[in-house]
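Every letter in the sequence shown is one number past the one before it in the numbering used here, and letter 117, counting from 1, is 114. We put the CB at the ideal spot given by N, CA and C, even for glycine. The next block holds one structure in the form of structure tokens; read it before the comments.
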Amino acid sequence: MSKKHNDDQDATCYCSFCGKSQEDVVKLIAGPAVYICDECIELCNEIVLEGAGADEGDVTQTPEILKPIEIKSHLDDYVIGQDFAKRVLAVAVHNHYKRIDALSRGEDNTVELQKSNIILIGPTGSGKTLMAQTLAKILNVPFTMADATTLTEAGYVGEDVENILVNLLQAADYDVKRASRGIIYID
């Protein structure tokens, strides 16, 4: 026990962890048959936060941003031809993830990367879908594809736009942070 009795009138309590008396600390909290001082609580809290920070760092660590040449090289392994489209896509994807990472870290850069949207137009079989799927595989991000002809406003017959996001969340195993970096391909 952490309570020492010299006599029945004078009972001094001691921290069960560091052994300091209640006079030596700011606060001593009593539990069932144990005591803990404010200093030990603070130390334990730091240990818990360090452990949680290490675990979170492993899970939420942002992946390395591939250079455009590396992205194009991976696309070359899967898609034949379409060199201009692969170059444009590689640069846009690189800048997109670079911008997202800078925003998530709260960096205040003087160089501003503008958001760029891409529309891939071409005949059936030209590699539009394959490029998007390959990008998702290269970047290790969730991917979902939706058919634009089936999308309707909420309440009407057809698929709601919100279902696209549900499908992306499912592809990310319901990890919202991972889904936020995913690719939605509307065909």
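Taking serine 18 as the centre and dropping the five residues before and after it, the same chain places the C-beta of Thr9, Tyr11 closer than 6 Å to its C-beta, in chain order.
If you look at isoleucine 116, you'll find it isn't in any beta strand (DSSP E); DSSP assigns it neither H nor E.
Rounded to whole angstroms, the Cβ separation of leucine 25 and cysteine 15 is 11 Å, and the two are not in contact under 8 Å. The way I'd put it, the region 167 to 179 doesn't touch the region 109 to 129; fewer than three beta-carbon pairs between them come closer than 8 Å. Residue nearest to leucine 72 within the set Gly124, Lys112, Thr149, Gln111 is Gly124 (criterion: CA-CA distance). Bounds of the beta strand (DSSP E) holding alanine 8 are 8 to 10. Around the beta carbon of arginine 178, 16 or more other beta carbons sit within 10 angstroms, so the residue counts as buried.
Taking all protein chains in view, the Cβ of isoleucine 115 is surrounded by fewer than 16 other Cβ atoms within 10 Å, so the residue is classified as exposed.
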